[in-house]
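A.B. asks: Position 115 of the sequence shown, counting from 1, maps to 138 under my numbering, and the rest follow consecutively. For every residue, glycine included, the Cβ atom is placed at its ideal position computed from N, Cα and C. Keep in mind it's a predicted model, so treat the numbers as computed, not measured.
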Amino acid sequence: MRPVIHLAFVDDWEVRGNGSGDPRVLQFAPIRKLVSIFNNYGIRGSFNAEVMQQLAYRRMQEQFPELKAIADEWDEVVTQAFQQGHDIQLHLHPQWRDATYEEDGQWRVEGDWSILNYPASEMRAMLACSKLYLERLLRRIRSNYTCVSFRAGSWCAAPSESLLPILSELGFVFDMSIVAGIRYDTPQVKLDYTQCEETFAPYYPEMSDARRVARCRQPMVCVPTNSFFGARFALLRRDLSKARGALQQRLRRLRNGHRGQTPTSSRGYSGDEWTNRGESGAAGLLKRVFRRYINGQMHIADLSRLNYAMMRRMMTNIRNQAEASGLAHVPVILENHTKDIVDASHIERFVAMVTRLADVKTVTLTEIANGLRDGTFQVRTA
Ligand SMILES: [Zn+2]
């Protein structure tokens, strides 16, 4: 029998990692758009709200009333999505811990990007405060709301002696920070998930290294965020159409004298945060081109980065992996970043396609946690 795929549409909801970008542009408007797409097709999405950013806004709001307006709207948007049946879970970027807001209207976000580089006591404090913030907010709507799942900022979750034990102590059911096949060696992020022992299905991790599968039951479960290899032609087509779009936009702006465009500052900017060492400059560009279009590369199942052709390729891959797993029911976690959505029509088309598939059910993260607890979803050991 064909396995049933329980697909979670998950979104990391935040501004840029360096603190730039307007939450109204990068978060509030696109989440409303996504929620309306999900509602139109009768599915429920899950939003991983990045709470350290919100705590920084709250910390500075007395001094800067404009921040209070934004923080209040953040609460309102989260609450509204939750009231409409969508799930809200925890995402955490520790670099916001000591962030300050300056008179020039810019955030200085200078903390370490990896939660693994903080002492265990600080790790616990950040996780506990963020979880409490969401639970206080959402228990006003549903008294039994609980944070059950976690995704680490910049995927930094392994190896660590502390992270999984603290998550379990705080009552989290599962972590979804592992994305098999990715590797980063950038000024901000260093991680290597190229040798993960389980790339697809839920498993009990070794508590000190989530990349490894434990021999027996553990107090935490890992469910990988889906990733897939290849899609070189679809990627090339996407990149060419992106380049064409950017060129047309530039020409239009030149002709219209910049009227009617969202200023770049409101969308924020990225520096070299995600450029791997040795891959900047002209030689690095060549290396990247070779890897992308000739060798093929691993893609995170991040809908904001994929066009419809790549999403279809991803879905074929998910079905193949589900078939090979031998499981009757398997949860699959997708990724998305509202801040990176340029054209939501691809996501809409994909959502429409998914709702027509007989072997795919859409679920929230809370439903995955329930399925892990009640045995609907089998959890692998080594
Ligand atoms: Zn994030």
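Give the straight-line distance between the Cα atoms of N409 and N393, rounded to the nearest whole angstrom.
C.D. replies: Because the chain spans 24 through 405 in this model, residue 409 falls outside it and cannot be assessed.
A.B. asks: Could you give the DSSP three-state label for P46: helix, strand or coil?
C.D. replies: Three-state DSSP puts P46 in a helix.
A.B. asks: Taking 7 angstroms as the cut-off, is the CB of E358 close to at least one heavy atom of ligand 1?
C.D. replies: no
A.B. asks: Is H114 near ligand 3, in the sense that its beta carbon is under 7 angstroms from a heavy atom of that ligand?
C.D. replies: Absence of ligand 3 from the depicted structure is noted, with ligand 1 being the only ligands included.
A.B. asks: From this set, R39, D34, N41, G42, which residue's C-alpha is nearest R55's C-alpha?
C.D. replies: The residue with the shortest Cα to Cα distance from R55 is D34.
A.B. asks: Apart from the five residues on each side of it in sequence, which residues of its chain come closer than 7 angstroms, Cβ to Cβ, to V38?
C.D. replies: G44, P46, L49, Q50, Q76, G291, K362
A.B. asks: Would you check if there are 3 or more beta carbon pairs closer than 8 angstroms linking the stretch 244-254 to the stretch 216-234?
C.D. replies: yes
A.B. asks: Check whether the stretch 75-90 touches the stretch 318-331, taking contact to mean three or more Cβ pairs, one atom from each stretch, closer than 8 angstroms.
C.D. replies: no
A.B. asks: Could you give the uninterrupted runs of the alpha helix (DSSP H) lying entirely in the stretch 129-180, keeping only those of 4 residues or more?
C.D. replies: 143-161
A.B. asks: Between S177 and V212, what straight-line distance do the alpha-carbon atoms span, to the nearest angstrom?
C.D. replies: 7 angstroms
A.B. asks: Could you work out which residue in F197, C170, T404, R81 is closest to V236 when comparing CA atoms only?
C.D. replies: Per the Cα distances, T404.
A.B. asks: Near E229, which residues of its chain fall below 6 angstroms by C-beta distance, leaving aside the five closest residues on each side in sequence?
C.D. replies: Excluding sequence neighbours, E229 sits near R235, A237.
A.B. asks: CB A122 to CB G42, shorter than 8 angstroms?
C.D. replies: A distance below 8 angstroms separates the beta carbons of A122 and G42.
A.B. asks: Count the other CB atoms within 10 Å of the CB of N343; is the residue buried (16 or more) or exposed (fewer)?
C.D. replies: The residue in question, N343, is exposed, as its Cβ has fewer than 16 Cβ neighbours within 10 Å.
A.B. asks: What alpha helix (DSSP H) runs, 4 residues minimum, are completely inside the stretch 358-396?
C.D. replies: Every alpha helix (DSSP H) stretch that sits fully inside the stretch 358-396 and reaches 4 residues is listed by chain position as 368-378.
A.B. asks: Short check: CB of S264 to CB of A203, under 8 angstroms?
C.D. replies: no
A.B. asks: Please report the straight-line C-alpha distance between S231 and A180, rounded to a whole angstrom.
C.D. replies: 10 angstroms
A.B. asks: Suppose contacts are defined by Cβ-Cβ distances below 8 angstroms. Is D382 in contact with V27 by that definition?
C.D. replies: yes
A.B. asks: So is C239 buried or exposed if we call it buried at 16+ other beta carbons inside 10 Å?
C.D. replies: exposed
A.B. asks: Return the CA-CA distance between A52 and T389, expressed in angstroms with no decimal places.
C.D. replies: 24 angstroms
A.B. asks: For G40, is the classification buried or exposed, using 16 other Cβ atoms within 10 angstroms of its Cβ as the cut-off for buried?
C.D. replies: buried
A.B. asks: Using the Cα positions of F252 and H322, report the straight-line distance between them to the nearest angstrom.
C.D. replies: 6 angstroms
A.B. asks: Determine the contact status of L190 and S153, defining contact as a CB-CB distance below 8 angstroms.
C.D. replies: In this structure, S153 does not lie closer than 8 angstroms to L190 by Cβ.
A.B. asks: Mind checking which residues open and close the beta strand (DSSP E) that includes S250?
C.D. replies: 250-252
A.B. asks: Quick check: the stretch 65-74 against the stretch 153-165, are there 3 or more CB pairs under 8 angstroms?
C.D. replies: yes
A.B. asks: Can you look up Q112 in the DSSP assignment and give me helix, strand or coil?
C.D. replies: Strand at Q112.
A.B. asks: Would you mind working out which of E346, Y168, V355 sits nearest A31, comparing C-alpha positions?
C.D. replies: V355
A.B. asks: Below 7 angstroms, is the gap between the Cβ of E37 and the nearest heavy atom of ligand 1?
C.D. replies: yes
A.B. asks: Determine the contact status of T387 and H352, defining contact as a CB-CB distance below 8 angstroms.
C.D. replies: no
A.B. asks: For I164 and L259, I'd like the C-alpha separation in whole angstroms.
C.D. replies: Rounded to whole angstroms, I164 to L259 spans 45 angstroms at the Cα level.
A.B. asks: Closest to M83 by C-alpha separation, out of E125, H109, F105, W97, would be which residue?
C.D. replies: Nearest neighbour of M83 by Cα position, chosen from E125, H109, F105, W97, turns out to be E125.
A.B. asks: Can we count E158 as close to ligand 1, meaning its CB is less than 7 angstroms from some heavy atom?
C.D. replies: Of the heavy atoms belonging to ligand 1, none sits nearer than 7 angstroms to the Cβ of E158.
A.B. asks: Use the C-beta contact count for Y216: other C-beta atoms within 10 angstroms, 16 or more gives buried, fewer gives exposed.
C.D. replies: buried
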